[in-house]
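Remarks on the structure that follows.
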Amino acid sequence: MAGVETAVLRAASTAAGWLWRSRLGQVPGAGLTDRPARPAARWRRPEELGPPEARRLAEELAGRLGAAAPRLPEHERLAALDAVADAFAALGGAGADALFAADLDPARLAARLPVPAGAGLSPAAEALARDLIRLACAHAVEYLTTLPSFGARAEVELVRRAGALQRSVDRLAERAGDGAGHAFEERYARWVAETHGRLQLFGLTTARAREEWPLDLAYISLGVSGEQPLVLPGEPGMHRTTVRAEHALGASERVLLRGPAGSGKSTLLQWLALNAARQAEGPWARCVPFVLRLRSFTTSDHLPLPEEFLKAAGVPLAAPPGWVEELMLNGRALVLVDGVDEVPQRLRGRTETWLRSLISAFPKARYVVTTRPSAVPEDWLAGQGFVPHALLPMEREEVGAFIGHWHRAARAECPGEDLDAYETSLRESVTARRDLGRLATNPLMCALLCALNRDRRMQLPRARKELYDAALDMLLVRRDTEREIAGVEGVYLTRDEQILLLQRFAYWLIRNGQVEAGRDEAVELVAEWLEVMPQVQGDPEQVFTHLLIRSGLLREPVKGSVDFVHRTFQDYLGAKAAVESRDFGVLVRNAQDDTWDDVVRMAVGHARPDERTRILRGLLKRADKVKGVRSRLVLLAAACLEHAPELDPALRSEIQSRTAELIPPRTPEQAEELAKAGELVLELLPLPEELSRDEAAACVRTAALIGGPRALGAIARFRHDARTAVQWELGRSWHEFDTTAFADEVLADAPLGKTMLNVRTPEELAALARLRHVGRVHLSGGDGIPPFLADRKLTHLVLFRNGLRDLDALTVQGELEWLGLYGCRELAGLGPLTSLPRLGTLVLSDLPAGLDLSPLAELPALEWLTFNTPTGIPRVSALPAPESLRALVLMGAGIRLDSLEPWPELDQLTVSGPDLLNEMAALPSLPRLRTVSLLEQPALDAAVLHGQPQLTQLNLGNCRSPDGLAALRGLPELTQLTLTGSTGSHDLTPLADLDRLTISIGSNVRVDGLDRIPPERIKRLSPW
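My numbering puts the last residue of the sequence shown at 1313; the count rises by one with no breaks.
What follows is the structure, encoded as C-alpha cells:
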C-alpha cells in the first residue's frame, strides 16, 4: 500500500502545482480572455456574481458578438439576457466556491448553468443565451481570480483538497490489499445515489408519465427543535431554539428524530443517505449510509445484524466479507433507522434491545432513529447518548417554499400548462384561510393541497376529512376517467369497490400491527374478499395488480412487499373499515396504543352521530378505568372534537370540562399535546396573573400551535407579561401568525427590552420598524443592516447568515453590548467594531477563513469572546484579545488551547469536544479561573479537572460520564453544578454529602440518587 499512497500523493502535489501555475500564476486574473468584461462598476468589487452582475456581463458580451449573434427582435434579446441572470440566480451566485467546484474550468462552470426550463425562449434566443452563459463564465473566472482574497482562498482550497486526497488514501489503506472494499464502496455509493436520489411527490405521480422527481428539486430544509448553549453570558443552561434539520443531525453522533405523520422524517433520512453517498460537505462526508426501515421487520423473528444490512435494505449487491462490520467498527457507518412507531408496541422492547446491542458493539458508528412523538418518550435511548430533536410544523415561509417546489415540478411534468394562477391562488389561500393554513403545516398535507388545488380548479375543501375524501376521489376515479384509462389490467373497479378493498387491507394491517405485507399474502386476502363481490371481473392477482398500479395509494418498495404510499392513508381507510364493521370496542380498547391515535380520530369523523357518541363515551370511561393513561385518553377525546361536526352538547361539554382539568400546561411537551385538542382549549386558558412563569409560557405556546384569529386574541392577553420566558415565547410565536396583525396586536406594546426578537422575513423586517420597545434583535438572512436600525439604541444584535461585507453600519450603535456574527461568509473585516465603546460580548461563528482578527485587541470593554470559526491562528495564546477578557468560549475552532496567560482576569472558560478538554487538562493551575463549562463530551472523566482545584462552578452540557461524577469530590471549592442537554444520565449519589454543593438540572436530563440529596440543594431549570 505504501507505493500506492506515494504515487497518489505525488500526483496530488503535481496537480496542485499545475493548478497554481496555470490558473493562478498569471496576474491579474487567469488570462482566459483578451478583453475582460467588468461585471460591476469600477468602484464595486463584488466577491460573488449574482443576477445583476451576470446580466451586466451578458449585455456587454452580447454587444461584442455583433454579427455573430442571431438577429432577434429586441424583446427576445432582452429575454435571453434575463435568462442568463436567472441561470446565475439558480446556481446561488458565482463566487470562489463555485469556481473551485468547477476546478476553475469555465466550461465546467457553464455546464452547471443551463438555460432555465421555464424561460419560454425561442430556439434562436435560447441559443444566444447558451452562448452568453459560456462567455460569461469565462469572464467570471477571469474577474474572480483578480480579487485580492482569491489567492488566500485558493491556498485554503488546495490544502482542503490535499487533505481530502489524504483521507481517500487512508480509506484505501484500510481496505484489503486488492482494493475490493474500496471498489465495492464506490458501486454501493452509486446505487444509493440512484435509489435515494429521487422522491415521489404526491399528486405528480398518478399520471405514470414520471414516477419520481430529483430529491434536490423536491427537498426543502425543515426546522427541528434544538438547544442552544450559552446564548447569553452568565446563562449556563440550554435554550430551546429552532435549527435546520440537517445542521442538528450533523452536530450529534446519535439522534432521535421525532415527528408526526407526514412531517418529512423518511424524506430527511433519504436526503442524509444521498448526501453521504455523494460525499457532500458535512460530518457525514466520509460516512457510508445504511437505510433500515423497521416496518420491513415486523414479521421477522429477528432484526438484522450488520452483515445483513444490505439484504435487509433490498440492496442487490454482494459486499466483500466483513465490509459492513469494518465500517461499523471504524466509525464510517451511518445507520439510518426509520419508523420506531411502525413497530407494534409488543416488539418495541426488541427494537430497543437491538439498538443497544448495536451501539455497544459498534460505538463509533453514527445513528439516526425516527419515530412519531407518541411512540416513545423524548428520553428514549438517552442513556445511549441519543440527542432528541422534534421536526417542527412548517412555518409560513417553509410552506411557501414547498408550494414553489411542487409547482416547479408540476411545470416540468406539464410544460404547456399555465400553473401560475394555481400557485398564486394557493399561496393566498393558505395565508388567508386559517383552516387551510393549519392543514398545510406538514409536507404531506401541503402536497395534498397542491394536488387538489390544481385538480379542483382552485376550489379546496375545508376540513381534513373532506381533504382526504377529495384526494381519494382524484386518485381512484377522476384521473383515469379523464384520461380515458380503463381496464388496463383486465379489471374494471368502481370507486366504491376500490375503496372497499383498500380499506379492508388497511384495517387488516392495523389490527395486525403492521404497515407492510407480503404481496402473496395481500393477494390471498383479496381472494377472500372477492368471494362476496361476484360482480368484480378478474382473478385476485389481476385485481390486486390493478390496485397497486392504478390506485396511487399502494406501492411495492421492495419486490414482494406492499404498503400504502403513506401511513396517513392507511389510517384513514382503516378507520372507515372499523366504523363500517361497528368495531367501536376495538377502537376504544386500542386507543391507549399510540399507533391507533389517528385511526380513532378519523373514525370519529367517519361515524354517524350515535356511533360518534359511543366512541367518545367509551374513551372517557376507559380513561377513568385505566389511571395510567387517563390524561392521554381525555386529550385524545378532545382532539376528536375537531372531527365531530355533530355531537350531543352534553358530551361535548363533559369533554371540555375534563380537558380543563389538564390546564394549565407547564412544559413544551404538555403544550404540544394540549394544542391537538384545537380551539376549545383557548377558552380554558387562564389569565397571565393566575399563572407561574412556566405555565404562562406554556399557555402562549399552546395558543401559537393552535393558530388562527382566536389564538391571536388569547396570546395578546400575555403581551404585558414582562417575565423573560413569556416574552421569549411571544417573540417565537410571531412566525405562526400574520406578520402585521401579530406585530400590531401583540409585539407593539410588549416589554421586549430583554428579549431577543428573531426577524427572518422581509415582512417581519418591515414590521420591526414599528416596534417601540425592541432592544435586542436577531436578523436572519439579508444582505446588510437595515438603515432604520441606526435610529434604535440596540444593546444586543445577532446577524445570522447575512451577506454583509462590512460592519460600517454598526458604528452608530454606541449602546451595543452584545454582538453575534453567525455564518456571515462575505464579511471582509472587523475594524468598525473598534468604534463600539460598550461592546462587552462578541460571538464569532462560521466566518470566512483568514479573517483579520487584530481589531479585537482594540475593544477595551470586551469581556466575553466566543470562537466557533476558523481563525488562521494556531494557538489560543496568540489570539489578539484585550487583557480585559474574563470569559472565553472555544467550540471546535481548530485552534490549540496552549495557554491562558495573556488574560490575567479570565475567570470563565468553555470548551467543546474532547480535544480541547484534553488540552485544558494540561494547563497549569489558573488561580482566577472559577467557572468551567464543558460541552459535547461523550466520555468525560471528571478527574481531568483536578488540575483546577479552585473551581466554584461547573456546567456540563450534553456530556456523558461513564465513570460517574465521583471525581468531582476532588474539587473542594465547588459550590454549583449545572447539568443540561439530553445525552446520557448522571448518578448524583457520590455527591450527596457535599453540603455546599447546589445542583441545577435541565428539563431533559436524567439523574439518579436525588432521594439522597436535600431538596434545597436541587434546582430544576425551566424548560423555557
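Ideal Cβ placement from N, Cα and C applies to all residues, glycine included.
Asked                                                                                                                   : Found
Presumed contact (8 Å Cβ cut-off) between Leu994 and Glu961, rounded CB distance                                        : 6 Å
Inter-stretch contact at 8 Å, needing at least 3 Cβ pairs: the region 861-876 / the region 814-823                      : no
Identified DSSP bridge partners for Trp1153                                                                             : Thr1130, Ala1176
Other residues of its chain near Arg890: CB distance less than 7 Å, five sequence neighbours each side excluded         : Ala928, Cys929, His932
contact_flag[the region 1238-1256, the region 1213-1225] where n(CB pairs < 8 Å) is 3 or more                           : yes
Secondary structure of Asp1300, DSSP reduced to three states                                                            : helix
Residue interval of the beta strand (DSSP E) (run including His1275)                                                    : 1274-1276
Exposure label - Gly523; buried when at least 16 CB within 10 Å                                                         : Annotation note: pLDDT 38 at Gly523 (below 50); position unreliable, coordinate value reported separately. By the 10 Å Cβ count, Gly523 comes out exposed.
Opening and closing residue of the beta strand (DSSP E) in which Thr1028 lies                                           : Where Thr1028 is concerned, there is no enclosing beta strand (DSSP E), although the alpha helix (DSSP H) it sits in stretches over 1028-1031.
CB contact flag (Val580, Ala565, <8 Å)                                                                                  : no
Residues of its chain near Tyr656, where Cβ-Cβ distance is below 6 Å and the 5 sequence neighbours each way are ignored : Arg543, Val624
Complete runs of the beta strand (DSSP E) confined to the region 830-918 [at least 3 residues]                          : 843-847, 850-853
Strand pairing of Lys554, partner residues [DSSP]                                                                       : Lys554 pairs with nothing; no bridge assigned.
C-alpha distance - Pro525 paired with Leu1215, whole-angstrom precision                                                 : Caution applies to Pro525, whose pLDDT of 35 falls short of 50 and renders its modelled position unreliable; the value that the coordinates give is listed next. The alpha-carbon atoms of Pro525 and Leu1215 are separated by roughly 21 Å.
Nearest-angstrom Cα separation, counted from Phe1156 out to Val520                                                      : Low per-residue confidence applies at Val520: pLDDT is 41, beneath 50, and the placement is therefore not dependable, though the value from the model is reported in the following sentence. Answer to the nearest angstrom: the Cα atoms are 13 Å apart.
Whether Arg700 touches Leu708 by CB criterion (8 Å)                                                                     : yes
Beta-carbon spacing of Glu1053, Leu1083 below 8 Å                                                                       : no
Simplified DSSP state of Cys703, which is helix, strand or coil                                                         : coil
Reduced DSSP category for Val373 - H, G, I as helix; E, B as strand; rest coil                                          : helix
Pairwise C-alpha distance: Leu969 and Pro1137                                                                           : 51 Å
Reference Val1165, options Thr1158, Gly1181, Ser1188, closest by Cα                                                     : Ser1188
Euclidean distance between Cα positions of Ala343 and Cys426                                                            : 9 Å
Residues bridged to Arg582 (per DSSP)                                                                                   : Asp627
Cβ shell of Val989 (< 8 Å), same chain only, five flanking positions each side left out                                 : Ile1004, Phe1007, Val1015, Glu1018, Leu1019, Ser1022
Nonlocal neighbours in the same chain, by C-beta distance under 8 Å from Arg947, ignoring five residues either side     : Leu909, Ala912, Val923, Ala926, Ala927
Below-8 Å beta-carbon distance, Ala927 vs any chain E residue                                                           : No chain E is present in this structure, which holds just one protein chain.
Three-state class that DSSP yields for Tyr656 in the structure shown                                                    : strand
Assigned secondary structure, Gln568 (DSSP; H/G/I helix, E/B strand, else coil)                                         : coil
Buried or exposed by the 16-neighbour rule on C-beta atoms within 10 Å, applied to Leu354                               : exposed
Coarse secondary structure for Cys1113, derived from DSSP in three states                                               : coil
Beta-carbon separation (whole angstroms), Ser1274 vs Arg1295, contact threshold 8 Å                                     : 4 Å
Beta-carbon spacing of Met747, Tyr796 below 8 Å                                                                         : no
Of the listed residues Leu636, Pro662, Arg575, nearest to Met617 (C-alpha basis)                                        : Arg575
Beta-ladder partner(s) of Arg1185, from DSSP                                                                            : Arg1164
Host alpha helix (DSSP H) of Glu786 (start-end)                                                                         : 784-800
Beta-carbon proximity list for Leu350, same chain, < 8 Å, skipping 5 on both sides                                      : Ala326, Leu421, Leu424, Ala425, His428
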